[in-house]
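Engineer:
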Amino acid sequence: MAATEYVLMNQDIPVLDFTCRRNEFDEPEFFEGTWHVDYRPIGYRGLAAFLEHRKAPKHREHIRQLLEQYGCDDLEGFLQVTRALSLNDTFWVKRQGEVLQWRDVSLYTNPFSEVISEAAFDGTVSETDFSSTSPEFGTDGYYAKCWIREESGIKLYKSGSAFLEIEPLSEFLASQLAEGICRQAVLYDLDYYHGKLISKCPLFTSETVGLAKASAVFHGAEHTIPDLLQYFRGIGSEDAFRRMCILDAIILNPDRHYGNFGVLFDTATMKVLQMAPVFDNNKSLLPELDNDQLAAPDWYIARCRPRIGRDFILTARGLLTDEIRADLERMRDFTFRQHPKIQAEQMRLDALSGIVRERIRQILA
């Protein structure tokens, strides 16, 4: 069957010529051609895998219907509709000979499609075609979310589960602790969007600084804590990694998988700069428990396990340094603050404050 020629670009620099051919089953198959640069995208393990990882997972709420509605249900359709754009870096795809420049397609500077943003958030898929760019097709994770361009910059809006909708509150509260423990952490706010409670945070990448998730950095393999410490020590971020793990122990975060931490890199050279700021804590602070359960949480806490290491307290104690210990000592009397506009139940905040203080006490014991 006929082949289509494409170019993988990094802003306005050609990176790789490649071809897509459809086999007898109408499945797209991709073939590398000429590389025009010496570097490879971080975590690159083949063209098809690289392109597939730029596509939002179908298990993300509302995204399967969205992908199918706009012809992105196979990988070549995804390329043709979205150009494989992402807010994690500055790679994109165009057809050979197509007269387009980075300034024409960049998600960092061009308007987003409001139609796509709303569909990604609440599942309301319009029949209307869209002509502007959208980051939704390349955003991973499970919960409904969308990117909104506010006057102050690009923000990520993320909702909670359909049952309790507590996760945005957990994200906001965890951010208060992260601010005191981690040198660099994404700050989360609370708001309402389409009648739903959301957390929102600023985009922390740009056209010069990208994000590579740990899953890409480590080529899909998981590592021991000593191995991870060695890696982050090598990029000058050992203290940041220690603090992230200790934060997770305090907030009981069971979701620090390799898609929820990573590194920042120079988008022009792929040089790793440092560990990314701590982000995505929405499953911390026991969001599945109601207020009555939080009043007697020991049974639940005993069964809560980390994704990095085998035991929260054991891991945190092993990662303490004198400087981090001193920071935790100053937080022994920590109390969560209410949001200035959106009031949470004070009973919940009091219970979580007590749990956090006890976690800090156990780590310092």
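Last residue of the sequence shown? That's 368 in the working numbering, and every number before it is there in order. Using N, Cα and C, we set each Cβ at its ideal position, and we do this for glycine too.
(1) Could you have a look at Gln277 and say whether DSSP puts it in helix, strand or coil?
(2) Rank Ile151, Leu367, Lys58 and Leu11 by C-alpha distance to the C-alpha of Arg320 and give the top, closest one.
(3) How many Å lie between Phe133 and Leu88 at the Cα?
(4) Within the 9 Å Cβ cut-off, does Ala305 reach chain C?
(5) Under 8 Å Cβ to Cβ from Pro274, same chain only, skipping five residues before and after it: list those, please.
(6) Just the Cα atoms here: how many angstroms apart are Lys286 and Gly239?
(7) Taking the alpha helix (DSSP H) that Ile201 belongs to, which residues open and close that run?
(8) On the DSSP bridge assignment, give the partners of Lys1 in chain order.
(9) The beta strand (DSSP E) spanning Val189 covers which residue range?
(10) Would Met334 and Leu172 qualify as a contact pair, given that the criterion is a beta-carbon distance under 9 Å?
(11) Keeping to the same chain, check which residues put their C-beta closer than 7 Å to that of His222; ignore five residues upstream and five downstream.
(12) Checking the sheet assignment: what are the DSSP bridge partners for Thr111?
(13) Which residues in the same chain have their Cβ closer than 8 Å to the Cβ of Leu255, if we skip the five residues on either side of it in sequence?
(14) Does Thr85 come out as helix, strand or coil in the three-state DSSP assignment?
(15) Apart from the five residues on each side of it in sequence, which residues of its chain come closer than 7 Å, Cβ to Cβ, to Asp92?
(16) Assuming Gly312 contacts Ile228 (C-beta within less than 8 Å), just tell me the rounded distance between them.
(17) Assuming Ser218 contacts Tyr160 under a Cβ cut-off of 8 Å, what Cβ separation, rounded to an integer in Å, is found between them?
(18) If the criterion is Cβ atoms closer than 9 Å, does the pair Phe175 and Leu193 meet it?
(19) Under the assumption that Val266 contacts Ala215 (Cβ atoms under 8 Å), give the Cβ distance between them as a whole number of angstroms.
(20) What distance in whole Å lies between the Cβ atoms of Leu54 and Glu35, which are believed to be in contact at a cut-off of 8 Å?
(21) Report the three-state DSSP secondary structure of Ala215 (helix, strand or coil).
(22) May I ask you to report which of helix, strand or coil DSSP gives Gly126?
(23) With distance defined between alpha-carbon atoms, name the residue in Tyr234, Ser356 and Glu291 nearest to Leu278.
(24) Leaving out the 5 sequence neighbours to the left and right, which residues in its chain are closer than 7 Å to Gln104 when beta-carbon positions are compared?
(25) Taking the alpha-carbon positions, what's the Gly237 to Arg360 distance?
(26) Answer yes or no: do Gln187 and Ala243 have a C-beta to C-beta separation smaller than 9 Å?
(27) How is Val220 classed by DSSP in three states: helix, strand or coil?
Structural biologist: The relevant details are as follows:
(1) Residue 277 sits at position 274 when you count from the first residue of the sequence shown. Correct three-state label for Gln277: strand.
(2) Taking the sequence shown and counting its residues from 1, the one referred to as residue 320 is at position 317. Comparing Cα positions, the closest option is Leu367.
(3) Stepping through the sequence shown from its first residue, residue 133 is reached at position 130. Stepping through the sequence shown from its first residue, residue 88 is reached at position 85. Reliability of the predicted coordinates at Phe133 is poor, the pLDDT of 45 falling under 50, and the value obtained from them is presented with this limitation in mind. Going by the C-alpha atoms only, they are around 15 Å apart.
(4) The displayed structure is made up of one protein chain only, and chain C is not part of it.
(5) One-based indexing of the sequence shown puts residue 274 at position 271. Note on identity: in this sequence residue 274 is Lys, with Pro being the wrong assignment. In the same chain as Lys274, and ignoring 5 residues on each side of it, the C-beta atoms closer than 8 Å to its own belong to Phe268, in chain order.
(6) Locating residue 286 in the sequence shown gives position 283, where the first residue counts as 1. Locating residue 239 in the sequence shown gives position 236, where the first residue counts as 1. A straight line joining the alpha-carbon of Lys286 with that of Gly239 spans about 28 Å.
(7) Numbered from its first residue, the sequence shown carries residue 201 at position 198. Here Ile201 belongs to no alpha helix (DSSP H); instead the beta strand (DSSP E) covers Lys199 to Pro205.
(8) Past the edges of the chain, shown from 4 to 368, lies residue 1, and the structure says nothing about it.
(9) Indexing the sequence shown from 1 puts residue 189 at position 186. Premise fails: Val189 is in no beta strand (DSSP E) and is neither H nor E.
(10) Residue numbering aside, residue 334 sits at position 331 when the sequence shown is read from its first letter. Residue numbering aside, residue 172 sits at position 169 when the sequence shown is read from its first letter. Their beta carbons are not under 9 Å apart, which means Met334 does not touch Leu172 by this criterion.
(11) Translated into positions along the sequence shown, residue 222 becomes position 219. Around His222, the same chain offers Gly46 and Arg48 as residues with beta carbons nearer than 7 Å, after the five sequence neighbours per side are excluded.
(12) Locating residue 111 in the sequence shown gives position 108, counting from the first residue. With the sequence shown as reference, residue 111 is identified as Tyr, and Thr is not the correct amino acid for it. Beta-bridge analysis with DSSP links Tyr111 to no other residue.
(13) Within the sequence shown, the letter at position 252 stands for residue 255. Answer for Leu255: Ser287, Leu288, Leu289, Ile304, Cys307, Phe315, Ile358 and Arg362, listed in chain order.
(14) Residue 85 sits at position 82 when you count from the first residue of the sequence shown. Under the three-state reduction of DSSP, Thr85 is assigned to helix.
(15) For the purposes of this step, residue 92 is taken as residue 89 along the sequence shown, with counting starting at 1. Excluding positions up to five away in sequence, the list reads Gly213 and Thr270.
(16) Looking up residue 312 in the sequence shown gives position 309. Looking up residue 228 in the sequence shown gives position 225. That belief holds up - the Cβ atoms of Gly312 and Ile228 are roughly 6 Å apart, short of 8 Å.
(17) The count along the sequence shown starts at 1 and reaches residue 218 at position 215. The count along the sequence shown starts at 1 and reaches residue 160 at position 157. Contact annotation, Ser218 with Tyr160: C-beta distance approximately 24 Å; criterion of less than 8 Å not satisfied.
(18) As a first step, residue 175 must be located in the sequence shown, where it is residue number 172. As a first step, residue 193 must be located in the sequence shown, where it is residue number 190. Against a cut-off of 9 Å, the Cβ pair of Leu193 and Phe175 comes out as a contact.
(19) Numbered from its first residue, the sequence shown carries residue 266 at position 263. Numbered from its first residue, the sequence shown carries residue 215 at position 212. Separation of the CB atoms of Val266 and Ala215 is rounded to 5 Å, and the pair is thereby assigned contact status at 8 Å.
(20) Position 32 of the sequence shown, counted from the start, is the residue given in the question as residue 35. Position 51 of the sequence shown, counted from the start, is the residue given in the question as residue 54. The pair is not a contact, with the Cβ atoms about 11 Å apart (cut-off 8 Å).
(21) The residue given as residue 215 occupies position 212 in the sequence shown. Under the three-state reduction of DSSP output, Ala215 falls in the strand class.
(22) Walking along the sequence shown from the start, residue 126 turns up at place 123. In this prediction, Gly126 scores a pLDDT of 47, lower than 50, which makes its location untrustworthy; the coordinate-derived value is nonetheless stated afterwards. In the structure shown, Gly126 sits in coil (DSSP, three-state: anything other than H, G, I, E or B).
(23) Position 275 of the sequence shown, counted from the first residue, corresponds to residue 278. The question names Leu, but residue 278 in the sequence shown is Met. Met278 has its Cα closest to that of Tyr234, out of Tyr234, Ser356 and Glu291.
(24) Stepping through the sequence shown from its first residue, residue 104 is reached at position 101. For Gln104, where only same-chain residues beyond five positions count, the Cβ hits under 7 Å are Asp15.
(25) The count along the sequence shown starts at 1 and reaches residue 237 at position 234. The count along the sequence shown starts at 1 and reaches residue 360 at position 357. Cα atoms of Gly237 and Arg360: separation of roughly 33 Å, rounded to the nearest angstrom.
(26) Locating residue 187 in the sequence shown gives position 184, where the first residue counts as 1. Locating residue 243 in the sequence shown gives position 240, where the first residue counts as 1. It is a contact, given that the beta carbons lie within the stated cut-off.
(27) In the sequence shown, counting from the first residue as 1, residue 220 sits at position 217. In this structure, Val220 counts as helix in the three-state DSSP scheme.
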